[in-house]
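In the numbering used here, the protein residues as written are 146 to 683.
Every residue gets a Cβ at the ideal spot worked out from N, C-alpha and C, and that includes glycine.
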Amino acid sequence: MSEAARLRLERGATIGSLEQLMGSRTVGGTVLTVFSLASFNILAASLLITWALSPLGTQSLLRMMTSRLEPRLTATNITYFDNSATSGLIGKNWVGGSNSYPRDAWFRSLTSLYIALVTSSGGIKSESVDLWGNAKVPFLRHNVPTWTKVSYDSGNTTFKIELSYIRLVCGDVVKKPDLVNSTLLSSVALETSQPTFSLTNDTWHGYPLGTTKLNEMTTWSLALDRFVDVIWTRVGGTVMEFAHRPEQRPMLLKNETGIEVGPTTLRFEAIFTEDISGPLAPLRAYCRVTEEYVESLVNCLTPAAGTSAAAKTCRVMAQRPSQQQHASEQISHLSFPGVFNLISQKLPLTIGGPADMSLYHIHDPDLRGVEFDDTANLTDINAEALGIRLSQLINTYLTLTQVSSKISRGSRGGAVTTSNLTVPAGASTLVLRFDISSSWAALGLVSSLVLLCAGILGVVCKHMAKGPDVLGYLSTVFRDSKFMDLPASSGQINSLEISTQMKDRKIQYGVTKLIKHGQPLIGVGFQEDIEPVKYATK
Numbered sequence: 146m147s148e149a150a151r152l153r154l155e156r157g158a159t160i161g162s163l164e165q166l167m168g169s170r171t172v173g174g175t176v177l178t179v180f181s182l183a184s185f186n187i188l189a190a191s192l193l194i195t196w197a198l199s200p201l202g203t204q205s206l207l208r209m210m211t212s213r214l215e216p217r218l219t220a221t222n223i224t225y226f227d228n229s230a231t232s233g234l235i236g237k238n239w240v241g242g243s244n245s246y247p248r249d250a251w252f253r254s255l256t257s258l259y260i261a262l263v264t265s266s267g268g269i270k271s272e273s274v275d276l277w278g279n280a281k282v283p284f285l286r287h288n289v290p291t292w293t294k295v296s297y298d299s300g301n302t303t304f305k306i307e308l309s310y311i312r313l314v315c316g317d318v319v320k321k322p323d324l325v326n327s328t329l330l331s332s333v334a335l336e337t338s339q340p341t342f343s344l345t346n347d348t349w350h351g352y353p354l355g356t357t358k359l360n361e362m363t364t365w366s367l368a369l370d371r372f373v374d375v376i377w378t379r380v381g382g383t384v385m386e387f388a389h390r391p392e393q394r395p396m397l398l399k400n401e402t403g404i405e406v407g408p409t410t411l412r413f414e415a416i417f418t419e420d421i422s423g424p425l426a427p428l429r430a431y432c433r434v435t436e437e438y439v440e441s442l443v444n445c446l447t448p449a450a451g452t453s454a455a456a457k458t459c460r461v462m463a464q465r466p467s468q469q470q471h472a473s474e475q476i477s478h479l480s481f482p483g484v485f486n487l488i489s490q491k492l493p494l495t496i497g498g499p500a501d502m503s504l505y506h507i508h509d510p511d512l513r514g515v516e517f518d519d520t521a522n523l524t525d526i527n528a529e530a531l532g533i534r535l536s537q538l539i540n541t542y543l544t545l546t547q548v549s550s551k552i553s554r555g556s557r558g559g560a561v562t563t564s565n566l567t568v569p570a571g572a573s574t575l576v577l578r579f580d581i582s583s584s585w586a587a588l589g590l591v592s593s594l595v596l597l598c599a600g601i602l603g604v605v606c607k608h609m610a611k612g613p614d615v616l617g618y619l620s621t622v623f624r625d626s627k628f629m630d631l632p633a634s635s636g637q638i639n640s641l642e643i644s645t646q647m648k649d650r651k652i653q654y655g656v657t658k659l660i661k662h663g664q665p666l667i668g669v670g671f672q673e674d675i676e677p678v679k680y681a682t683k
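Here it is as structure tokens:
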């Protein structure tokens with residue numbers, strides 16, 4: 146701006162225009178000069194627009210490019226465990242003569258996994274995955290064939306799975322002291338002397354409370370009143386010593402029609418003490434047993450490479466009743482004697498004794514009721530809570546018998562080896578995408594070109610101006626000039642007011658009419674009193 150003002154001064158210009166140029170060296174100075182001189186003209190507009198392009202150009206460089214994460218969808222396949230698979234308990238029964246024994250080592254491993262899950266904290270139990278990263282399937286809370294969302298965040302791989310689980314709906318919970326002496330507490334027993342477990346329906350079968358087949362102490366027991374007929378466990382028309390047929394699962398009856406299927410009832414009994422010195426308090430409840438089939442929409446989130454996030458996490462996002470054909474809901478895994486025999490025998494024995502963690506879970510899944518007096522007080526348990534929590538225990542133990550120690554491999558893979566299903570899935574990978582705004586890019590280009598031209602123009606003006614740089618504060622230049630006659634009042638007002646009063650007068654740097662020592666004097670004066678300086682060229 147100073148070079149342009151210098152060139153205009155040599156050629157003659159109004160005080161107002163020179164003051165505008167000299168005062169417009171910054172954005173703020175340009176605005177203040179326009180309003181101070183009240184000069185709203187083309188020059189003022191040009192200066193304002195030029196300087197406005199400076200901050201706008203800077204902003205355009207900052208805003209021209211934006212980034213966002215965009216999912217890239219691809220098709221893939223997901224393999225997951227089929228929980229309708231045959232329970233490993235089928236191969237762990239052994240009946241021969243008068244002896245019957247389980248595979249102790251296998252059951253010890255099973256017990257360790259079961260205890261780890263049941264004794265985990267309430268926070269872990271409420272997570273969408275278990276201790277090893279396997280996705281949990283919550284109980285379906287409706288019966289309409291529509292999707293119901295589950296309150297979890299979504300991930301980046303989506304697929305549908307078909308699963309089933311045992312559900313218990315319990316009636317009134319009976320707590321009476323006289324139940325201790327009831328014959329029912331010790332009358333239930335599986336008729337394991339019969340090779341194929343040919344059990345009579347509508348009578349209770351299980352192991353008595355307080356003892357098992359191995360005469361070990363328990364504080365709770367399970368009994369069932371209906372089982373699958375022996376005809377379904379025969380192989381080749383013969384009755385084996387024990388039916389090892391792998392199809393001993395509800396899927397065995399998937400396509401069967403016209404068979405008699407009655408309701409199945411599970412009887413749960415427990416004894417506990419309300420305090421360390423109090424008498425035994427027995428509890429009994431009858432629960433309707435069903436196998437519930439659901440279709441679940443699962444999302445899996447895989448953390449980006451190089452991050453400190455945990456491994457892949459899968460969550461059930463929505464559920465609805467299964468739309469596929471399946472066996473009657475009255476037939477569950479417990480309906481097969483080979484399965485229920487060892488569940489009713491071994492599940493109460495996973496810990497055993499009065500301090501049974503299974504009973505603590507039934508009392509409170511957060512285990513806030515664990516005390517040092519070895520009591521699990523079930524006084525306040527209601528039928529709904531009992532049904533849900535006992536279902537969780539049975540489903541946990543049953544699933545462990547299906548996958549055994551492979552469940553601990555979790556999200557690292559390899560947990561589904563014996564029985565698995567493969568389903569199509571949609572996988573999405575978050576890709577970093579950069580967007581260029583055409584408007585901000587255009588503004589940045591224009592501002593850069595204008596400021597470049599302004600810089601070039603400054604160089605041109607400096608090259609074209611021949612005289613010295615005499616402009617500082619413009620009003621000071623002509624107020625101190627000996628070649629200009631100013632009003633007497635100019636000595637009492639500030640420089641900007643002088644410029645405002647004289648903004649329309651033209652001044653010029655050149656040869657004045659005054660002569661000293663025979664030579665004309667050079668300086669700044671009114672244009673009509675000045676002649677241009679003629680510079681000699683080399």
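Review point. So, are the CB atoms of glutamate 440 and glutamine 470 less than 9 Å apart?
Key: Between glutamate 440 and glutamine 470, the C-beta gap is not smaller than 9 Å, which leaves the two residues out of contact.
**Study point:** C-alpha distance - lysine 661 paired with isoleucine 675, whole-angstrom precision
**Key:** Approximately 16 Å, taken between the alpha carbons.
**Study point:** Cα-Cα separation, leucine 588 to methionine 209
**Key:** Their Cα atoms are separated by approximately 9 Å.
Point to revise | Sub-9 Å separation of asparagine 527 and valine 318 beta-carbons | key: The answer is yes: Cβ separation under 9 Å.
Review point. Taking C-beta to C-beta, are glutamate 487 and valine 434 nearer than 9 Å?
Key: For clarity, residue 487 is leucine in the given sequence; the question names glutamate instead. Taking 9 Å as the cut-off, the Cβ atoms of leucine 487 and valine 434 do not count as close.
Review point. Tell me the DSSP bridge mates of glutamine 664?
Key: Lys661, per the DSSP bridge assignment.
Practice item. Take threonine 211 as the anchor and find which of Thr657, Arg578, Ile652 has the nearest alpha-carbon. Key: Per the C-alpha coordinates, the member of Thr657, Arg578, Ile652 positioned closest to threonine 211 is Arg578.
Review point. For the candidate residues Gly268, Pro283, Met609, whose alpha-carbon lies nearest to that of leucine 512?
Key: Comparing C-alpha distances from leucine 512 to each of Gly268, Pro283, Met609 shows the shortest one belongs to Gly268.
Practice item. Assign glycine 174 to one of three DSSP states: helix, strand, or coil. Key: Glycine 174 falls in the helix class under three-state DSSP.
Check your understanding: So with Cβ pairs under 9 Å, would you call isoleucine 601 a contact of chain B?
Key -> Annotation note: the requested chain B is absent from the structure, which comprises a single protein chain.
Exercise for review: Can you tell me which of Leu596, Ser181, Tyr310 puts its alpha carbon nearest to the alpha carbon of glutamine 646?
Suggested key: Nearest of Leu596, Ser181, Tyr310 to glutamine 646, Cα basis: Ser181.
Practice item. Report the three-state DSSP secondary structure of glycine 316 (helix, strand or coil). Key: Assignment of glycine 316 by DSSP, reduced to helix, strand and coil, places it in the coil class.
Review point. Taking C-beta to C-beta, are tyrosine 310 and asparagine 444 nearer than 9 Å?
Key: No, the pair does not count as a contact, with Cβ atoms beyond the cut-off.
Review point. For cysteine 432 versus glycine 532, is the C-beta spacing smaller than 9 Å?
Key: Yes.
Review point. When the Cα atoms are used, what is the spatial distance from aspartate 347 to valine 484?
Key: C-alpha separation (whole angstroms): 18 Å.
Exercise for review: In angstroms with no decimal places, state the Cα-to-Cα distance between phenylalanine 671 and serine 583.
Suggested key: Rounded to the nearest angstrom, the two C-alpha atoms are 50 Å apart.
Practice item. Pick out whichever of Ile416, Tyr542, Arg217 has its Cα sitting closest to the Cα of arginine 429. Key: The shortest C-alpha to C-alpha distance from arginine 429 to any of Ile416, Tyr542, Arg217 is the one to Ile416.
Review point. So, using beta-carbon positions, are leucine 411 and leucine 494 closer together than 9 Å?
Key: When the beta-carbon positions are compared, leucine 411 and leucine 494 stay at least 9 Å from each other.
Review point. Rounded to whole angstroms, how far is the Cβ of lysine 651 from the Cβ of threonine 159, which I believe are closer than 8 Å?
Key: The C-beta distance from lysine 651 to threonine 159 rounds to 5 Å, short enough to meet the 8 Å contact threshold.
Check your understanding: So, is methionine 609 buried or exposed, given that buried needs 16 or more other C-beta atoms within 10 angstroms?
Key -> Classification of methionine 609: exposed, given that the 10 Å Cβ count is below 16.
Exercise for review: Take glycine 655 as the anchor and find which of Thr175, Gly668, Arg170 has the nearest alpha-carbon.
Suggested key: Taking only the C-alpha atoms, the option nearest glycine 655 is Gly668.
Point to revise | When Glu436, Glu437, Glu414 are compared against proline 427, the one with the closest alpha-carbon | key: The closest CA to that of proline 427, considering only Glu436, Glu437, Glu414, is found on Glu414.
Exercise for review: Would you mind sorting phenylalanine 304 into buried or exposed? The rule is 16 or more other CB atoms within 10 Å of its CB.
Suggested key: It is buried - the Cβ of phenylalanine 304 has at least 16 other Cβ atoms within 10 Å.
Check your understanding: What whole-angstrom Cβ distance do glutamate 437 and leucine 285 have, given they're in contact under 8 Å?
Key -> Cβ atoms of glutamate 437 and leucine 285 come within 8 Å of each other, at about 6 Å.
Practice item. Could you tell me if glycine 173 is buried or exposed, where buried requires 16 or more neighbouring beta carbons within 10 angstroms of its beta carbon? Key: Label assigned to glycine 173: exposed.
Check your understanding: proline 482 bridges to which residues according to DSSP?
Key -> Assignment of beta-bridge partners to proline 482 by DSSP yields no partner.
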